[in-house]
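Residue numbers (the working numbering), protein chains in the order written: chain A, 1 to 342; chain B, 343 to 684.
2 protein chains.
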Amino acid sequence: MARSSITIGDVAAKAGVSRATVSRAFTRPDLLTAAVVEQVRRIADELGYVPNRIARALSTGRFGTIALLVPDIANPFFPPLIRAAQARADTLGYAVFLGDSDETPDREDRLLAKLAPQVDGFVVASPRLDEERIRFHAGQKPAVLINRDIAGVPRVLIDVRGGIEMAMTHLFGLGHRRIAYVSGPAASWANQQREQAAMAAARRFGIEELAIPAYRPTYEAGQAAAARLIAAGVSAAVAFDDIVAQGLVAGLSARGLVIPRDLSIVGFDDVLAATTYPPLTTIDAHCADAGAAAVALLLEIVETGERRDAALTIPTRLVQRDSTGPFTTEDAKPGRSASAGS
Amino acid sequence: MARSSITIGDVAAKAGVSRATVSRAFTRPDLLTAAVVEQVRRIADELGYVPNRIARALSTGRFGTIALLVPDIANPFFPPLIRAAQARADTLGYAVFLGDSDETPDREDRLLAKLAPQVDGFVVASPRLDEERIRFHAGQKPAVLINRDIAGVPRVLIDVRGGIEMAMTHLFGLGHRRIAYVSGPAASWANQQREQAAMAAARRFGIEELAIPAYRPTYEAGQAAAARLIAAGVSAAVAFDDIVAQGLVAGLSARGLVIPRDLSIVGFDDVLAATTYPPLTTIDAHCADAGAAAVALLLEIVETGERRDAALTIPTRLVQRDSTGPFTTEDAKPGRSASAGS
DNA sequence: TTGTAAGCGTTATCAC
DNA sequence: GTGATAACGCTTACAA
Numbered sequence: 001m002a003r004s005s006i007t008i009g010d011v012a013a014k015a016g017v018s019r020a021t022v023s024r025a026f027t028r029p030d031l032l033t034a035a036v037v038e039q040v041r042r043i044a045d046e047l048g049y050v051p052n053r054i055a056r057a058l059s060t061g062r063f064g065t066i067a068l069l070v071p072d073i074a075n076p077f078f079p080p081l082i083r084a085a086q087a088r089a090d091t092l093g094y095a096v097f098l099g100d101s102d103e104t105p106d107r108e109d110r111l112l113a114k115l116a117p118q119v120d121g122f123v124v125a126s127p128r129l130d131e132e133r134i135r136f137h138a139g140q141k142p143a144v145l146i147n148r149d150i151a152g153v154p155r156v157l158i159d160v161r162g163g164i165e166m167a168m169t170h171l172f173g174l175g176h177r178r179i180a181y182v183s184g185p186a187a188s189w190a191n192q193q194r195e196q197a198a199m200a201a202a203r204r205f206g207i208e209e210l211a212i213p214a215y216r217p218t219y220e221a222g223q224a225a226a227a228r229l230i231a232a233g234v235s236a237a238v239a240f241d242d243i244v245a246q247g248l249v250a251g252l253s254a255r256g257l258v259i260p261r262d263l264s265i266v267g268f269d270d271v272l273a274a275t276t277y278p279p280l281t282t283i284d285a286h287c288a289d290a291g292a293a294a295v296a297l298l299l300e301i302v303e304t305g306e307r308r309d310a311a312l313t314i315p316t317r318l319v320q321r322d323s324t325g326p327f328t329t330e331d332a333k334p335g336r337s338a339s340a341g342s
Numbered sequence: 343m344a345r346s347s348i349t350i351g352d353v354a355a356k357a358g359v360s361r362a363t364v365s366r367a368f369t370r371p372d373l374l375t376a377a378v379v380e381q382v383r384r385i386a387d388e389l390g391y392v393p394n395r396i397a398r399a400l401s402t403g404r405f406g407t408i409a410l411l412v413p414d415i416a417n418p419f420f421p422p423l424i425r426a427a428q429a430r431a432d433t434l435g436y437a438v439f440l441g442d443s444d445e446t447p448d449r450e451d452r453l454l455a456k457l458a459p460q461v462d463g464f465v466v467a468s469p470r471l472d473e474e475r476i477r478f479h480a481g482q483k484p485a486v487l488i489n490r491d492i493a494g495v496p497r498v499l500i501d502v503r504g505g506i507e508m509a510m511t512h513l514f515g516l517g518h519r520r521i522a523y524v525s526g527p528a529a530s531w532a533n534q535q536r537e538q539a540a541m542a543a544a545r546r547f548g549i550e551e552l553a554i555p556a557y558r559p560t561y562e563a564g565q566a567a568a569a570r571l572i573a574a575g576v577s578a579a580v581a582f583d584d585i586v587a588q589g590l591v592a593g594l595s596a597r598g599l600v601i602p603r604d605l606s607i608v609g610f611d612d613v614l615a616a617t618t619y620p621p622l623t624t625i626d627a628h629c630a631d632a633g634a635a636a637v638a639l640l641l642e643i644v645e646t647g648e649r650r651d652a653a654l655t656i657p658t659r660l661v662q663r664d665s666t667g668p669f670t671t672e673d674a675k676p677g678r679s680a681s682a683g684s
């Protein structure tokens, strides 16, 4: 049984017109006499009538909703993205379902299936699902991917290569010659992109290609990787993301190294702002822009109905703060006092 | 026009039963012969049939969705809460709409009105709306508040008083006698609670009631408040939240003070984990628990239909890390070298 | 235990 | 330009 709200019928009765006319007064006013439209609207207001979106959805097959799926809401990369996506969708008149796959392909699959019958489309950020399943879901409902490059599926990508290049150039320009990439989850598409770009840049500069694993994209993993970084005798590192970079800085500091005097660190994403000490030099991934762009693209596809193979690239930018500095011959020589005396 | 998906009719035809039977196989299997249920379900699976929630909603007036409203997704307090809320809702079979009011009462009001006709209820975290409007919306659809105490509206509260008490007792026990509360937004209900509790505790200990404003709950505001803290000559402070506390630590360090040797700082919320330097002593607000509890409470109200005046309190806990230490007579005497030499 | 049929509130297709 | 009327896919009395 439905709740006792005012329906199109109530308005129609009071206005002395048919329900069809009331409907048109809201959806296709151009088909009606201006006077009728105005009168119907006035009565609707009086009665406090609001079109029932559910009934409308059942009739039109359009819901006015989209779903946004992320692997982990609590990962600092996503909140700005979610926020911007939500804001854009709201502006365009859509409501957004949020789903958290908890980094699990199966849960992502389940959420996609569960939400599909009640949304006009999906934005899937950093999908964990395999290509085949993503293709399947994208075939059922319009979908836009963020941070995953699957030909044929509309997607918004971050210019990882450009960002890494800028970071490596910055470090190389400061005199560093042993530069490591501290990697995140090996299975992560984003990590693969970043690692490849870092290795390519190293090759281009003619320096050794060094990759040091942090395994997981966490502060603790970064701390633990600090020891490996020292053992490798590098003077600079580009981390998988800001969190790993922050952990690295902490782990390095705890071992008596001073950043950036002894070692330079670059993060990725710029989601920690200047809240680390020292403020982190990082690659700004404009994740908010990515969220907004993905929603805009999705809704364009939803509303025009065309199935184009779009691939938007969001530019990155190197934000120089204080975790990087010039190479000195003292670099990577741990064991000295941690005190910051002159 | 609707998309050409498999409907209840397709399943009914293939199974050789009526549509009502198929419906019952999913909603009231107890009314059917076990064999029939099994057969219908099998065929439904074969066909890939999934009940259309929109059609179901139109018929039952129940949507299987709730809306979760927050003032700012990017505020670190909310992601864990959102994550837990979403997970709990998902477990209970509900999908969740996420709304961001951008700290604006009007946007919150608009979101509430917009989402109302398509959800079974609301969870509103840290509402910015005035009491009257909240009461109005809560009268239309079941709603549970987090972090706001309005009699008659079901709510989940954080045990602020207990947490602040523990923090003040901890500090007092360490020998501190000039302890300030560094406040957040004056208009924020949460801030008022925290400030009152801090002042009450100070009174209880017979020490001066000191409140120092940070105005906004940001890292920068915390940094700026550091100067006022020094000027006030305190040896310890409890901050509005972890972000302000982090800013405070940064601002204090930049002015040559060493934490916790020169000044002890306690945060609130425990959303930064141990990622600050030094790791922050803070009051764990269990915000994830609050999110999960609010959803559980809401759905209980939605499903039983009873309109009880529940007020759950989530306990807090003091997490002692390294930003607090014993009072020394050297405290709050800025101007010395910042070097950490023994 | 199962089938029939009447909604749920809209929109879309025809007529007029 | 406006009004009937049939969907949309499902649930649920009421019958059988």
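Just so you know, even glycine gets a beta-carbon here, dropped at the ideal spot from N, CA and C.
From a predicted model like this one, the values you see are computed outputs, not experimental measurements.
Can you give me the start and stop residues for the beta strand (DSSP E) that residue i sits inside?
i: THR655(B); result: 653–656
i: SER323(A); result: Premise fails: SER323(A) is in no beta strand (DSSP E) and is neither H nor E.
i: ARG204(A); result: Counting along the chain, ARG204(A) falls outside any beta strand (DSSP E), though it belongs to the alpha helix (DSSP H) covering 189–205.
i: SER253(A); result: Per DSSP, SER253(A) belongs to no beta strand (DSSP E); it is in the alpha helix (DSSP H), 242–254.
i: ILE625(B); result: 623–626
i: SER23(A); result: From DSSP, SER23(A) is part of no beta strand (DSSP E) but of the alpha helix (DSSP H) over 19–27.
Taking a contact to mean a Cβ-Cβ separation below 8 angstroms, would you say residue i touches residue j in this structure?
i: TYR619(B); j: ALA245(A); result: no
i: VAL498(B); j: LEU654(B); result: yes
i: SER606(B); j: THR666(B); result: yes
i: PRO279(A); j: ARG321(A); result: yes
i: ALA167(A); j: VAL271(A); result: no
i: ASP241(A); j: PRO213(A); result: no
i: LYS483(B); j: ALA467(B); result: no
i: ALA285(A); j: PHE268(A); result: yes
i: PRO154(A); j: ALA310(A); result: yes
Give the residues of chain B in contact with residue i, contact being defined as C-beta atoms less than 9 angstroms apart.
i: ARG317(A); result: Result: empty, since nearest Cβ-Cβ is about 19 angstroms, beyond 9 angstroms.
i: LEU58(A); result: ALA344, ASN394, ILE396, ALA397, ALA399, LEU400
At the level of alpha carbons, what is the spacing between residue i and residue j?
i: ILE259(A); j: ALA274(A); result: 15 angstroms
i: LYS675(B); j: GLY406(B); result: In this predicted model, LYS675(B) has a pLDDT of only 48, less than 50, meaning its place in the structure is not dependable; the value taken from the coordinates is given anyway. Their backbone Cα atoms lie some 60 angstroms apart in a straight line.
i: PRO105(A); j: ASP130(A); result: 8 angstroms
i: SER643(B); j: ILE549(B); result: For clarity, residue 643(B) is Ile in the given sequence; the question names Ser instead. Their backbone Cα atoms lie some 45 angstroms apart in a straight line.
i: ALA239(A); j: THR402(B); result: 52 angstroms
i: ARG366(A); j: ILE158(A); result: Outside the shown range of chain A, which is 1 to 342, sits residue 366(A), and nothing can be said about it.
i: LEU257(A); j: ALA211(A); result: 20 angstroms
i: VAL465(B); j: THR369(B); result: 27 angstroms
i: GLU108(A); j: HIS137(A); result: 11 angstroms
i: ARG19(A); j: ALA12(A); result: 5 angstroms
i: VAL364(B); j: ALA437(B); result: 24 angstroms
i: PRO481(B); j: HIS170(A); result: Here residue 481(B) turns out to be Gly, not Pro, going by the sequence shown. Computed Cα separation, rounded: 59 angstroms.
i: ALA344(B); j: GLY589(B); result: Confidence at ALA344(B) is low in this model, with a pLDDT of 33, below 50, so the placement of that residue should be treated as unreliable; the coordinate-derived value is given next. Each residue's alpha carbon lies about 54 angstroms from the other.
i: ARG261(A); j: ALA202(A); result: 22 angstroms
i: PHE420(B); j: VAL661(B); result: 19 angstroms
i: ILE283(A); j: GLY163(A); result: 6 angstroms
i: ARG178(A); j: ALA236(A); result: 7 angstroms
i: ALA296(A); j: GLY515(B); result: 56 angstroms
Taking the alpha helix (DSSP H) that residue i falls in, what are its first and last residues?
i: LEU356(A); result: The structure shown does not extend to residue 356(A), since chain A is modelled only from 1 to 342, so the question has no answer here.
i: ILE146(A); result: It is not in any alpha helix (DSSP H) - ILE146(A) instead sits in the beta strand (DSSP E) that spans 143–146.
i: PRO213(A); result: That residue, PRO213(A), is in no alpha helix (DSSP H); its beta strand (DSSP E) goes 210–213.
i: TYR561(B); result: 561–573
i: ALA399(B); result: 395–402
i: THR511(B); result: 502–515
In chain A, which residues lie less than 7 angstroms from residue i when you measure between Cβ atoms?
i: LEU457(B); result: ALA95
i: ARG395(B); result: PRO117, GLN118
i: ALA416(B); result: PRO79, PRO80, ARG83
Which chain B residues are close to residue i, counting only those with a beta carbon under 7 angstroms from its beta carbon?
i: THR275(A); result: TYR561, GLN588
i: ALA250(A); result: TYR619
Counting only Cβ pairs nearer than 9 angstroms, list the residues of chain A close to residue i.
i: ASP442(B); result: ILE82, ARG83, GLN86, ALA87, ASP90
Cβ contact check for the region 214–225 of chain A and the region 192–206 of chain A: 3 or more pairs under 8 angstroms | No, the region 214–225 of chain A does not touch the region 192–206 of chain A.
Does the region 86–98 of chain A come close enough to the region 429–443 of chain B that 3 or more CB-CB pairs lie under 8 angstroms?
-> yes
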